[in-house]
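Numbering (UniProt numbering), first residue to last: 1 to 424.
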């Protein structure tokens, strides 16, 4: 039997760009969150007395890894080595230049996979033979199917594990540049476990031959909400793998759904904001977490009065709520970051019209990343964007925010359009 920790996407040094513009005190607290999550991961490995730790890429958030980030990583790996725990790790698309420069020396118990696909062999504490195969990125994008180059299972090994930083093949040229693979190509190699990295959501792609993403160890926006951590894995001959998700962070992005009653005005909406915050704060205190919250208002297309109230006063009410919290509480047990509006479109056919259909078709067209970038090319090339804004903006989150705001404005525009028709 062997037991190990499988983690990936540490992203040491990752910025929280959107938070920085809202609250600098919160921003500085969050900068420590990834570091704390990493050291909690080390604590778990030592307390569980695992045989080894697998780190499947993107250990740093930037291509080279600053000296400070290298010190953080080395500090954790030193602790594992002192506990007689081996570490096997590789670099991914985010930190692909880490091997191309001078780097702090790691302990002898640490194996870093080179650019070439390499297999290492060792004997576990239970005297079983273990083989691990993997490779590191040497460039940001790798479009080649590297899984096809992996060797077949080593027959003399009791366990053969694969480490791979990449994503499933999408069949699209604009998506398949992170070592695209298919589940079949991994399964055919006959390995006992596949330790994947790159996707920030914990998921088991296949259980029979375990193909596993542990997710990242610290979320940075609302597409990465909920618990984050790693996998504690036990492999035994002739038995199914035991895979347990272990949480490593107490700073979580959290979505609070809200179904609005019929509101009588802005005072009613203000009470909803404040009541929702108190509910989230109670949840955070009960769970011992810091919850960075998005209020998610759920409306129907016919709920025009509430939609208009939210669009007119939502931002100001959110700003006012944050101001009240900033003046009372610096612990950030719960903090409202933003709000969103989700419209139930199940009634869309009944209330739709040519105007609304035209808006939705245009919105879908610009969800193509290439068309989105072409549309905003003037903005992206602007001097002020290049000098002041680009470094503060997360590209993926910015695109998602633009899409959501456009959808909200479409809903509001459709509501105004129907109101005008009714008046006419």
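Note that CB positions come from ideal geometry on N, CA and C, so glycine has one too. Bear in mind the structure is a predicted one, so any value in this text is a computation, not a measurement.
With a 10 Å radius around its C-beta and 16 neighbouring C-beta atoms as the bar for buried, classify residue 69 as buried or exposed.
-> Within the chain shown, numbered from 1, the residue matching residue 69 stands at position 69. Residue 69 should be labelled buried.
Excluding the five sequence neighbours on either side, which residues of its own chain have a C-beta within less than 7 Å of the C-beta of residue 317, listed in chain order?
What you label residue 317 is simply residue 317 of the chain shown in a count that begins at 1. Within the same chain, 269, 270, 273 come within 7 Å of residue 317 by CB-CB distance, once the 5 residues on both sides are set aside.
Report the rounded CA-to-CA distance for residue 15 versus residue 155, giving the unit in angstroms.
As a position in the chain shown, residue 15 is number 15, starting the count at 1. As a position in the chain shown, residue 155 is number 155, starting the count at 1. Taking the straight line from one Cα to the other gives about 44 Å.
| query | Grouping DSSP H, G and I as helix and E and B as strand, with all else coil, what is residue 256? | reply | Residue 256 sits at position 256 when you count from the first residue of the chain shown. Residue 256 falls in the strand class under three-state DSSP.
*Just curious, the beta strand (DSSP E) that residue 290 is in, first and last residue?*
For the purposes of this step, residue 290 is taken as the residue at position 290 of the chain shown. Run containing residue 290: 290-300, per the beta strand (DSSP E) assignment.
task = Taking residue 178 and residue 93 to be in contact with their CB atoms under 8 Å, please state how far apart those CB atoms are, rounded to whole angstroms.
result = As a first step, residue 178 is located in the chain shown; it is residue number 178 there, counting from the start. As a first step, residue 93 is located in the chain shown; it is residue number 93 there, counting from the start. Residue 178 to residue 93, Cβ: 6 Å. Contact.
Checklist entry - What does a CB cutoff of less than 7 Å around residue 192 pick up in its chain, not counting 5 residues either side in sequence? => result Indexing the chain shown from 1 puts residue 192 at position 192. Excluding residues within five positions, the ones whose Cβ falls inside 7 Å are 159, 160, 161, 235.
- Query: Among 44, 278, 360, which residue has its Cα nearest to the Cα of residue 332?
  - Reply: Here residue 332 refers to the residue found at position 332 when the chain shown is read from its first residue. Of 44, 278, 360, the residue nearest in Cα terms is 278.
key: Residue ranges of each alpha helix (DSSP H) within the stretch 47-114, 4 or longer   = 67-82
Worksheet item: Which value, in whole angstroms, describes the spacing of the CA atoms of residue 304 and residue 262?
Response: As a working note, residue 304 is residue 304 in the chain shown. As a working note, residue 262 is residue 262 in the chain shown. So the alpha carbons of these two residues sit roughly 10 Å apart.
Check: Hey, how far is the Cα of residue 276 from the Cα of residue 283?
Finding: Taking the chain shown and counting its residues from 1, one reaches residue 276 at position 276. Taking the chain shown and counting its residues from 1, one reaches residue 283 at position 283. Each residue's Cα considered, the two are about 11 Å apart.
3 or more residues per run - each beta strand (DSSP E) lying fully within the stretch 192-216: 193-197, 203-206, 211-213
Helix, strand or coil, according to DSSP, for residue 137 in the structure here?
Translated into positions along the chain shown, residue 137 becomes position 137. Here residue 137 sits in coil by DSSP.
Write down the C-beta distance between residue 57 and residue 198 rounded to the nearest angstrom, noting that I regard them as a contact closer than 8 Å.
Reading the chain shown from its first residue, position 57 is the one you call residue 57. Reading the chain shown from its first residue, position 198 is the one you call residue 198. About 7 Å separates the two Cβ atoms, so the contact holds.
* Would DSSP call residue 335 helix, strand or coil? -> Here residue 335 corresponds to residue number 335 of the chain shown, with the count starting at 1. If DSSP states are grouped into helix, strand and coil, residue 335 belongs with the strands.
Q) Which full runs of the beta strand (DSSP E) of 3+ residues lie inside the stretch 152-192, going along the chain? A) 159-165
In whole angstroms, what is the alpha-carbon distance linking residue 281 and residue 287? For the purposes of this step, residue 281 is taken as residue 281 along the chain shown, with counting starting at 1. For the purposes of this step, residue 287 is taken as residue 287 along the chain shown, with counting starting at 1. Roughly 10 Å separates the two Cα atoms.
- Message: Do residue 360 and residue 336 count as a contact pair if the criterion is CB distance below 8 Å?
- Response: Here residue 336 is taken as the residue at index 336 of the chain shown, counted from 1. Here residue 360 is taken as the residue at index 360 of the chain shown, counted from 1. Against a cut-off of 8 Å, the Cβ pair of residue 360 and residue 336 comes out as no contact.
Nearest-angstrom Cα separation, counted from residue 319 out to residue 23: Along the chain shown, one-based indexing puts residue 23 at 23. Along the chain shown, one-based indexing puts residue 319 at 319. Here the alpha carbons of residue 319 and residue 23 stand approximately 11 Å from one another.
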